[in-house]
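Colleague: Our numbering puts the sequence shown at residues 359 to 952.
Here a beta-carbon is modelled for each residue, glycine too, at the ideal position from N, C-alpha and C.
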Amino acid sequence: MATSEYEDSANLEKLNANLARIEALTQRLVAAFARKEPQRADLQAPDPSLYLKAASAWWTEMAQNPSKMFEHQVGYWGKTLKHFIEAQEALARGQLAPPEDNTPDDRRFTNPLWKTHPYFNYIKQQYLMSSQAIEEAIESLETMDAREKRRLEYFGKQIIDMMAPTNFLGTNPDALMRAVETEGESLVRGLENLVRDIEANEGDLLVTLADRDAFKVGGNIANTEGAVVYRNRLFELIQYKPSTEKVHETPLLIFPPWINKFYILDLKPQNSFIKWVVDQGYTLFVVSWVNPDASYADVGMDTYVEEGFLEAIAKVKEICGVKSINAIGYCIAGTTLSMALALMAKRRNRSVKSATFFTTLTDFSDRGEVGVFLEDDFVDGLEAEVTEKGFLRSYYMTKTFSYLRSNDLIYQPAIRSYMMGEAPPAFDLLYWNGDGTNLPGRMVVEYLRALCQQNRFADGGIELCGKTLSLEGVKIPLCAIACESDHIAAWKASFRGVARMGAKDKTFILSESGHIAGIVNPPAKKKYGHYTSEAPLDDPDNWKAAAEYHKGSWWPRWEEWLRRRSGKMVAARALPDNALAPAPGTYVVADPEG
359 MATSEYEDSA
369 NLEKLNANLA
379 RIEALTQRLV
389 AAFARKEPQR
399 ADLQAPDPSL
409 YLKAASAWWT
419 EMAQNPSKMF
429 EHQVGYWGKT
439 LKHFIEAQEA
449 LARGQLAPPE
459 DNTPDDRRFT
469 NPLWKTHPYF
479 NYIKQQYLMS
489 SQAIEEAIES
499 LETMDAREKR
509 RLEYFGKQII
519 DMMAPTNFLG
529 TNPDALMRAV
539 ETEGESLVRG
549 LENLVRDIEA
559 NEGDLLVTLA
569 DRDAFKVGGN
579 IANTEGAVVY
589 RNRLFELIQY
599 KPSTEKVHET
609 PLLIFPPWIN
619 KFYILDLKPQ
629 NSFIKWVVDQ
639 GYTLFVVSWV
649 NPDASYADVG
659 MDTYVEEGFL
669 EAIAKVKEIC
679 GVKSINAIGY
689 CIAGTTLSMA
699 LALMAKRRNR
709 SVKSATFFTT
719 LTDFSDRGEV
729 GVFLEDDFVD
739 GLEAEVTEKG
749 FLRSYYMTKT
759 FSYLRSNDLI
769 YQPAIRSYMM
779 GEAPPAFDLL
789 YWNGDGTNLP
799 GRMVVEYLRA
809 LCQQNRFADG
819 GIELCGKTLS
829 LEGVKIPLCA
839 IACESDHIAA
849 WKASFRGVAR
859 MGAKDKTFIL
869 SESGHIAGIV
879 NPPAKKKYGH
889 YTSEAPLDDP
899 DNWKAAAEYH
909 KGSWWPRWEE
919 WLRRRSGKMV
929 AARALPDNAL
939 APAPGTYVVA
949 DPEG
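1. Using the Cα positions of Gly-818 and Leu-829, report the straight-line distance between them to the nearest angstrom.
2. In chain order, what residues of the same chain have a beta carbon less than 8 Å from the beta carbon of Gly-391, not counting five sequence neighbours either side?
3. Quick one: is Met-520 buried, meaning 16 or more other Cβ sit within 10 Å of its Cβ, or exposed?
4. Give the secondary structure of Gln-402 by DSSP, where H, G and I count as helix, E and B as strand, and everything else as coil.
5. Residues in the same chain with beta-carbon distance under 6 Å from Gly-952, minus the five sequence neighbours each way, listed in chain order, please.
6. Skipping 5 residues on each side, what residues in its chain have a beta carbon closer than 8 Å to that of Lys-507?
7. Could you give the residue range of the beta strand (DSSP E) that holds Asn-765?
8. With which residues is Ser-646 paired in a DSSP beta bridge?
9. Can you look up Ile-481 in the DSSP assignment and give me helix, strand or coil?
10. Which residue wins for smallest C-alpha separation from Glu-733, given the options Asp-405, Gln-385, Ile-380 and Gln-397?
11. Which first and last residues belong to the alpha helix (DSSP H) in which Met-927 is found?
12. Would you report the Cα separation of Ala-455 and Arg-379, rounded to the nearest angstrom?
13. What would DSSP say about Asn-629, mapped onto helix, strand or coil?
14. Start and end of the beta strand (DSSP E) containing Arg-589?
15. If you follow the alpha helix (DSSP H) that Tyr-945 is in, where does it begin and where does it stop?
16. For the candidate residues Leu-595, Pro-457, Leu-408 and Met-420, whose alpha-carbon lies nearest to that of Leu-504?
17. As a quick exercise: from Ala-698, Gly-831, Gly-824 and Leu-868, pick the residue whose alpha carbon is nearest that of Cys-837.
18. Taking the C-alpha atoms as reference points, what is the distance between Phe-442 and Leu-449?
19. Please state whether the Cβ-Cβ distance between Asn-578 and Ile-773 is less than 8 Å.
20. Assign Val-802 to buried or exposed, taking buried as 16 or more other Cβ atoms, counted over all protein chains shown, within 10 Å of its Cβ.
21. Three-state secondary structure (DSSP) at Ile-556?
22. At a cut of 8 Å, does the segment 850-858 reach the segment 888-906 through at least three beta carbon pairs?
23. Since Asn-629 and Pro-880 should fall inside the 8 Å C-beta cutoff, what is the C-beta to C-beta distance between them, to a whole number of angstroms?
24. Once DSSP output is grouped into helix, strand and coil, what is the label at Ala-522?
25. I'd like the span of the beta strand (DSSP E) that includes Phe-866, first residue to last.
26. Among Asp-660, Asp-793, Asp-656 and Asn-813, which one has its Cα closest to the Cα of Val-744?
27. Under 6 Å Cβ to Cβ from Gly-715, same chain only, skipping five residues before and after it: list those, please.
28. With DSSP run on the structure shown, which of helix, strand or coil describes Glu-780?
29. Output the distance between the C-alpha atoms of Lys-675 and Arg-725, rounded to the nearest integer angstrom.
30. I'd like to check one pair, Leu-806 with Leu-740: are the Cβ atoms closer than 8 Å?
31. Quick one: grab the DSSP three-state call for Cys-823.
32. Report back the beta-carbon spacing between Ile-617 and Thr-795 to the nearest angstrom; my notes put them in contact at under 8 Å.
33. I need the straight-line Cα distance from Arg-931 to Pro-614, nearest angstrom please.
34. With burial defined as no fewer than 16 other Cβ atoms inside 10 Å of the residue's Cβ, what is the status of Lys-482: buried or exposed?
35. Is Glu-906 helix, strand or coil when you go by DSSP?
36. Per the contact definition of three or more C-beta pairs closer than 8 Å, is the segment 631-646 in contact with the segment 786-793?
Spelled out as structure tokens, the structure:
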């Protein structure tokens, strides 16, 4: 057989094999979609009234100031028509080159063909012009309520990002080139990835961000040596093995958020906050929250305070034989720690010597980017969901936070997986991001209504555990770390909450980067810096203007602050012989839906 005939035969065989794979995958895809449960419409998009209000505002301003609106429309159509004519003229002259391109750089369009190829460049320029026109149209709505306008800006941006030409196979040069290079194999692998994700989520589409087989909790991540020394229905208490001969007398207890799993603070050893703290000479305890199911429907904020925070604090005191401890609260756990401290002050309980807050909101008057999901349309839907099911599936939280960074956490991963046929990366942080937890029904409603919407802890007081609690009731020495580009707990909002706390001894540190990277920022990496200031904690802008920038991690600066409040050095405390389980425990790997 001649070489060309052999190659044709091999190619035909490969084509037939791929067609058979596609047919089998299509059958699996149909079967997976058939398992999909109906979704609540009120959890899929904002109430349609938002767009009706936008249309009403547009027509109102059209009537009041028609020249402004016409100018906007004429400007947009003028630019797009001019670009179309320039492209046509170039083709008519036989120049297979794009017209002048003055569009700003955009990391979605890094392939050189977006600049050099007439087809792709035309699509890119038209998309960016249209995007700009939509954003300017929304910005020009002066008669719309400010909160509604912020929501319109956010969801308008979501639509713009969703319609990017990179998100479609026919207009993505990277995906088309890969398909040609692999003779279509990349598209078949992409279909396999798509089917895998839809099957894994019972008919819903949630992009797998990290290789699920690359990590094992308690194996190559979350492997700092320790033991579960106490367990109740809400949490396991983990004590970590000392790595120094002497430790500070006052132990440290970390409360991570129960909307995520605690091992974000204990990924690989080189970026583990938990290991680093142990290595500095502290007896460290960490709470590992249960992953709840429907049986936790009646667990509320008061339950977390009494059976979670106060119980854990009491157990650490008992184990170490001390009268007081130091505590850390991260995100929602920082919010709840602050309420627990206000309650303890009312009860004259002095069990906590100092508190540290990581990216914590206690004043929700400014809810930041996540605030677009905290209006009644979404909250009503969440309340209906947890009333019916008893708990909120982790799926909803994962999806919500992904949309706060949709290009990074939805569209780009989907392009790589489904169009390019690439396997998800072995990235520990993204693995953790996809390992979410459920939330108890009553707690969800109380947190969203009383704190996020009504802001009772900061304004007027919140009723909890038989007491009226307020920010002013947090009176112990505290240190708060916020993150400059945090999209979940905006740093200025975090600052305002700390400023209103009743403590006389208050330290505020502003880290570079976001909600996770700004906290998980080990000194050895020398990556993100931080700001400190001696200015009064009254106005965040004034504080920042007077702040001094420091290169590198805030961890050592905070540890110096903590050291002064941690007592003398004593012999290291060994782990007990009667431990319930080795770290990271059982709650962190339990699957209540499995």
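Modeller: Put simply:
1. 10 Å
2. It should be noted that the sequence gives Phe, not Gly, for residue 391. Within the same chain, Phe-391 has close Cβ partners Ile-556 and Gly-561.
3. exposed
4. coil
5. Its pLDDT being 44, under 50, Gly-952 is placed unreliably in this model, and the value from its coordinates should be taken loosely. Excluding sequence neighbours, Gly-952 sits near nothing in its chain.
6. Ile-496 and Leu-499
7. First-last for Asn-765: undefined, no H or E at that position.
8. Glu-594
9. helix
10. Asp-405
11. Premise fails: Met-927 lies in the beta strand (DSSP E), 927-929, not in any alpha helix (DSSP H).
12. 39 Å
13. helix
14. 584-589
15. That residue, Tyr-945, is in no alpha helix (DSSP H); it is neither H nor E in DSSP.
16. Correcting the residue identity first, residue 504 is Ala in this sequence and not Leu. Comparing Cα-Cα distances from Ala-504 to each of Leu-595, Pro-457, Leu-408 and Met-420, the minimum goes to Leu-408.
17. Leu-868
18. 11 Å
19. no
20. buried
21. helix
22. yes
23. 5 Å
24. coil
25. 864-869
26. Asp-656
27. The amino acid occupying residue 715 in the given sequence is Phe; Gly does not appear at that position. Here the set comprises Gly-687, Gly-692 and Ala-838.
28. coil
29. 35 Å
30. yes
31. coil
32. 6 Å
33. 23 Å
34. buried
35. strand
36. no
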